[in-house]
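**Q** Sharing a structure below in structure tokens format, with a few things to ask.
Number of protein chains: 2
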Amino acid sequence: MKQKLNIGLFGFGVVGQGLYEVLKTSPAFDTEISKICVKNKKERSLPEEFFCYQPDDILNDPNINTVVELIDNAEEAYKIVKKALQNGKHVVSANKKMLAENLPEMIQLQKENKVSLLYEASACGSIPVIRNLEEYYDNDLLLSVTGILNGSSNYILSKIFDHNQSYDAALKDAQDLGFAESDPTFDVEGFDSLFKLIILTLHSFGSIIDPNDVLTYGISNISDFDIQYAREKRYKIKLVGQVERLEGNKITLFVLPRFVRKDKYIYSVEDEFNGVVIKGKAYDKQFMFGKGAGAHPTGSAVLSDITALAHNYAYEYKKMKYADNFEYSKEHKVELYLRYKDETVLEKFSFESITEEYKGPEYNYKIGYIRLADLLRIKDELRDLDIFMSITGASLNY
Amino acid sequence: MKQKLNIGLFGFGVVGQGLYEVLKTSPAFDTEISKICVKNKKERSLPEEFFCYQPDDILNDPNINTVVELIDNAEEAYKIVKKALQNGKHVVSANKKMLAENLPEMIQLQKENKVSLLYEASACGSIPVIRNLEEYYDNDLLLSVTGILNGSSNYILSKIFDHNQSYDAALKDAQDLGFAESDPTFDVEGFDSLFKLIILTLHSFGSIIDPNDVLTYGISNISDFDIQYAREKRYKIKLVGQVERLEGNKITLFVLPRFVRKDKYIYSVEDEFNGVVIKGKAYDKQFMFGKGAGAHPTGSAVLSDITALAHNYAYEYKKMKYADNFEYSKEHKVELYLRYKDETVLEKFSFESITEEYKGPEYNYKIGYIRLADLLRIKDELRDLDIFMSITGASLNY
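Protein chains in written order, with the working numbering: chain C, 1 to 398; chain G, 1 to 398.
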């Protein structure tokens, strides 16, 4: 049975405006947007009467049964989504930070209020990865989910490796084209990928992991030396999020740059695209690829969630109910390339074994195995050191 | 609510055996196979008491609520699936020919008997394309679905284009490795792709098309001349099935070889892999890639269907209920490369316009636009003519 949705929309940027247009012109969506909450009064593409300026004008409207939240600010989004769910409204959200930081509460609120919160647009834009992990890979054959989850940093890395640009020039290009924010920290330091990975981990293995507890290291420290090193070995460097099942009912996860060889699917994910490799015991590897960000891909994911809501779809979080709960292991060892200048920095890194060492006039590097726990202990310092870290891929199952 | 499945299995080849193992050893599947129907008594990996030899031993067993049908013969599969549904059992099937030829009845039987028939394994093996079209692309933004749907013919074409083999040598290799049957007609003439395309068309646009009514032309007539032509232009030839939405609430579909340039996603689908490009108004293009055939990929698709059944999932065929029904148009024009020897053969081809002509010592070709209807009129003769046809891609939206 299909239910008729009456939508209150928060945010009227490009995604919101596109959404409004599609819902108005497509007969298949038996759905209307009846109110739009925005921050400021100004000239807009719709008549004044569509807009309101107080969240409660939507949240307390008994005729509105669905809230679509498309605002940037995670704290505001949290308040809106929470109250909407409490007031018995279904919600579609794209806010990965808000979701990743509040998953237990978001699940609880859905249960208590018998409403549905969908958020396909929060991870990998138009690629239906959450829905597939939840529904199609709903069994215990899943081994790992590995992806290029952030379009901005991937755009920068593509410019570096395919167009021989420096990091700074590539970042400026990305900013000029709107692929990176003026403060690019969220994207290039890996936080955007991290929040997406936290959401994917829940739908992959039924585990809720605190984002503060996950090693997250981005690409802002990449130097020409590192780029040169990777090029000589015919690698590209990609910023990759991965959650992987280990022996003995454990999982591990991290966001780290990675040397990627041509034989990996993610090697050919270029520019602002996203790509996810889903690996399992019987199906081996599946690869899903598409536009990960931008108004249209985000809009299409939101649309699919709206259609799903109309058909009474809700995430069941089935994997949380499996008998076995996966334990998050930080004992996992990765083979790490560590480029450094100053020898004293090495004291911070407790390599278990060393595979290669190089000393040169400008920079030095070590490659060796190191426990995630030993990196997590120093994770807040990492960004400020004159180093660059990348995993070699040798220890990885993807 | 989860229901407990008690499965009767038809067929105990590699897929069936793998399925049995996984269901037995994975605690997440609260499901058991209680009887297996096979053709002949012989030494098997399970004790004698698991097996039966009469379909009715399963079909009339009131304790069995689910039938998994993994046999090759389409006529036998039809009888088994029909009776299982009539007897109130859910069914998982991988038989694309049986399904494509009996879709209206299969939908009706599900409705009448309030049971679910799932068949993800019937199209693109482990790639969850049917489920995604049914659930995630459940809106009227979809523009086209284009895919390499058959692993055997793609393996042959890969050997030709990446390893410089002749068609005959590549076919023999494929047969030796088990990627092609001793009678390869079903694969290389495009019928396997056709049946999959018919199923995808239903879940893409809600339209049931008679397979006999669809232009299907394979790769068996490919000559060294054609291969040389494609190579010079830096194309690969791929066997592609496509269903595309046209202006004015129409769709068109066909299975034809195609010249594919490097900028297309399907260019890099090699060997026995499958790849599907889903194109829509907002999300642009999505690409799904994975193993399309073989025991494990097929088994994993069957497993996902079994899990879905346990959660009471059924295809709703939502797109059949859209207000607008798509009409199948044969008026669509494609730009066709036609290689021929004997001039008289041209009388059969009613080109609307000619783009290029070539005459040479051995072979000649014409490239021009032609209506599908004009090819459909002569479709039964095409395979016996000394020609090769491939579409150029110029007229295609994918």
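All C-beta atoms in this analysis are idealised placements derived from N, C-alpha and C, irrespective of residue type, glycine included.
Mapping the DSSP letters down to three states, classify Gly299(G) as helix, strand or coil.
**A** To locate residue 299(G), count along the second sequence from 1; it is residue 299. The answer is helix: DSSP assigns Gly299(G) an H, G or I state.
**Q** Does the stretch 360-372 of chain G come within contact of the stretch 281-290 of chain G, defined as at least 3 CB pairs closer than 8 angstroms?
**A** No, the stretch 360-372 of chain G does not touch the stretch 281-290 of chain G.
**Q** Along the stretch 231-249 of chain C, what residues have a CB closer than 8 angstroms to any CB found in chain A?
**A** This model lacks chain A altogether; the protein chains it does include are C and G.
**Q** How would you write the range of the beta strand (DSSP E) that Tyr365(C) sits in, first residue to last?
**A** Taking the first residue of the first sequence as position 1, residue 365(C) is located at position 365. Taken as a continuous stretch (DSSP letters only), the beta strand (DSSP E) holding Tyr365(C) covers 364-371.
**Q** First and last residue of the alpha helix (DSSP H) that includes Asn154(G)?
**A** Taking the first residue of the second sequence as 1, we reach residue 154(G) at position 154. Per DSSP, Asn154(G) belongs to the alpha helix (DSSP H) from 151-163.
**Q** Would you kindly check if the distance between the Cβ of Ser153(C) and the Cβ of Leu239(C) is under 8 angstroms?
**A** Here residue 239(C) refers to the residue found at position 239 when the first sequence is read from its first residue. Here residue 153(C) refers to the residue found at position 153 when the first sequence is read from its first residue. Contact flag set, yes.
**Q** Verify the CB distance criterion: does Thr307(G) have a CB-CB separation below 8 angstroms to chain C?
**A** Stepping through the second sequence from its first residue, residue 307(G) is reached at position 307. Yes, Thr307(G) lies at the interface with chain C (some Cβ there is under 8 angstroms from its Cβ).
**Q** Under 8 angstroms, do Leu142(G) and Gly280(G) count as touching if we go by C-beta distance?
**A** As a first step, residue 142(G) is located in the second sequence; it is residue number 142 there, counting from the start. As a first step, residue 280(G) is located in the second sequence; it is residue number 280 there, counting from the start. Result yes, Cβ atoms of Leu142(G) and Gly280(G) sit closer than 8 angstroms.
**Q** Any residues in the stretch 332-357 of chain C with a beta carbon nearer than 8 angstroms to a beta carbon of chain G? Which ones, in chain order?
**A** Residues: none.
**Q** Return no unless some Cβ of chain C is closer than 8 angstroms to the Cβ of Val15(G).
**A** Position 15 of the second sequence, counting from 1, holds the residue named residue 15(G). No, because no Cβ of chain C sits closer than 8 angstroms to the Cβ of Val15(G).
**Q** Of all Cβ atoms in chain C, is any one closer than 8 angstroms to the Cβ of Asp284(G)?
**A** In the second sequence, residue 284(G) corresponds to position 284, counting from 1. Taking Cβ atoms only, chain C reaches closer than 8 angstroms to Asp284(G), which makes this a yes.
**Q** Strictly below 8 angstroms CB to CB, what residues from chain G border Tyr119(C)?
**A** Locating residue 119(C) in the first sequence gives position 119, where the first residue counts as 1. The contacting residues do not exist; Tyr119(C) stays about 14 angstroms from chain G at best.
**Q** Considering only DSSP beta bridges, list what Val91(C) is partnered with.
**A** Within the first sequence, residue 91(C) is the residue found at index 91, counting from 1. Answer is Val67(C), Leu117(C), bridged to Val91(C).
**Q** Per DSSP, what kind of secondary structure is Tyr340(C) in: helix, strand or coil?
**A** Stepping through the first sequence from its first residue, residue 340(C) is reached at position 340. Strand at Tyr340(C).
**Q** Applying the criterion that 16 or more other CB atoms from any shown protein chain within 10 Å of the CB defines a buried residue, is Tyr53(G) buried or exposed?
**A** The sequence position of residue 53(G) within the second sequence is 53, counting from 1. Answer is exposed; the Cβ neighbour count stays below 16.
**Q** Return the chain-ordered list of same chain residues with a C-beta closer than 7 angstroms to the C-beta of Ser204(C), the five sequence neighbours on each side being excluded.
**A** On the first sequence, residue 204(C) is found 204 positions in, with the first residue counted as 1. Same-chain partners within the cutoff: Leu133, Leu142, Val145, Val243.
**Q** Taking 8 angstroms as the cut-off, decide whether the C-beta atoms of His296(C) and Tyr398(G) are in contact.
**A** Here residue 296(C) is taken as the residue at index 296 of the first sequence, counted from 1. Here residue 398(G) is taken as the residue at index 398 of the second sequence, counted from 1. No.
**Q** By a C-beta neighbour count over all protein chains shown, 10 Å radius and 16 as the cutoff for buried, is Arg377(C) buried or exposed?
**A** If you number the first sequence from 1, residue 377(C) lands on position 377. Arg377(C) is exposed by the Cβ-count criterion.
**Q** Could you pull the start and end residues of the beta strand (DSSP E) that Leu143(C) belongs to?
**A** Looking up residue 143(C) in the first sequence gives position 143. Run containing Leu143(C): 142-148, per the beta strand (DSSP E) assignment.
**Q** Just curious, the alpha helix (DSSP H) that Val22(G) is in, first and last residue?
**A** On the second sequence, residue 22(G) is found 22 positions in, with the first residue counted as 1. Element bounds for Val22(G): 14-25.
**Q** Can you give me the Cβ contacts of Ile222(C) inside the same chain, cut-off strictly under 6 angstroms, excluding the 5 residues immediately before and after it?
**A** Reading the first sequence from its first residue, position 222 is the one you call residue 222(C). Excluding sequence neighbours, Ile222(C) sits near Tyr167, Phe388.
**Q** Mind listing which residues of the stretch 290-302 of chain G have their C-beta closer than 7 angstroms to chain C's C-betas, in chain order?
**A** Within the stretch 290-302 of chain G, the residues whose Cβ lies closer than 7 angstroms to some Cβ of chain C are Gly290, Lys291, His296, Pro297, Gly299, Ser300, listed in chain order.
**Q** Could you list the residues in the stretch 135-158 of chain G with a C-beta less than 9 angstroms from some C-beta on chain C, going in chain order?
**A** Correct list: Glu135, Tyr136, Tyr137, Asp138, Asn139, Asp140, Leu141.
**Q** Leaving out five residues before and five after Arg371(G) in sequence, what residues of the same chain have Cβ atoms less than 8 angstroms from its Cβ?
**A** Translated into positions along the second sequence, residue 371(G) becomes position 371. Cβ neighbours of Arg371(G) beyond the five flanking positions: Lys330, Glu331, His332, Lys333, Ser350, Glu352.
**Q** CB Ser122(G) to CB Leu99(G), shorter than 8 angstroms?
**A** Looking up residue 122(G) in the second sequence gives position 122. Looking up residue 99(G) in the second sequence gives position 99. Contact: yes.
**Q** Relative to the alpha-carbon of Ile266(G), which residue among Lys236(G), Leu246(G), Gly206(G) has its alpha-carbon at the smallest distance?
**A** Sequence index remark: in the second sequence, residue 266(G) carries index 266 (1-based). Among Lys236(G), Leu246(G), Gly206(G), the Cα nearest to that of Ile266(G) is on Lys236(G).
**Q** Pick helix, strand or coil for Tyr315(G), following the three-state DSSP scheme.
**A** Residue 315(G) sits at position 315 when you count from the first residue of the second sequence. If DSSP states are grouped into helix, strand and coil, Tyr315(G) belongs with coil.
**Q** Please check if any C-beta of chain C sits within less than 8 angstroms of the C-beta of Ser304(G).
**A** As a working mapping, residue 304(G) is identified with position 304 in the second sequence. Yes, Ser304(G) counts as interfacial toward chain C.
**Q** Closest Cβ-Cβ distance between Ile127(G) and chain C: below 8 angstroms?
**A** Counting from 1 along the second sequence, the entry for residue 127(G) is found at position 127. It does: the Cβ of Ile127(G) has a partner Cβ on chain C nearer than 8 angstroms.
**Q** Taking contact to mean 3 or more Cβ pairs, one atom from each stretch, closer than 8 angstroms, check whether the stretch 101-114 of chain C and the stretch 195-211 of chain C are in contact.
**A** As far as the Cβ criterion goes, the stretch 101-114 of chain C touches the stretch 195-211 of chain C, which means the pair count is three or higher.
**Q** If we ignore side chains and look at the alpha-carbon of each, how far apart do Ile36(G) and Ser268(G) end up?
**A** Position 36 of the second sequence, counted from the first residue, corresponds to residue 36(G). Position 268 of the second sequence, counted from the first residue, corresponds to residue 268(G). Going from the Cα of Ile36(G) to the Cα of Ser268(G) covers about 40 angstroms.
**Q** Looking at the structure shown, is Arg258(C) part of a helix, part of a strand, or coil, going by DSSP?
**A** Mapped onto the first sequence, residue 258(C) falls at position 258. It is a strand residue.
**Q** If we ignore side chains and look at the alpha-carbon of each, how far apart do Met106(C) and Arg231(G) end up?
**A** On the first sequence, residue 106(C) is found 106 positions in, with the first residue counted as 1. On the second sequence, residue 231(G) is found 231 positions in, with the first residue counted as 1. About 55 angstroms.
**Q** Roughly how many angstroms lie between the CA atoms of Leu118(C) and Val91(C), to the nearest whole one?
**A** Taking the first residue of the first sequence as 1, we reach residue 118(C) at position 118. Taking the first residue of the first sequence as 1, we reach residue 91(C) at position 91. One C-alpha to the other measures close to 6 angstroms.
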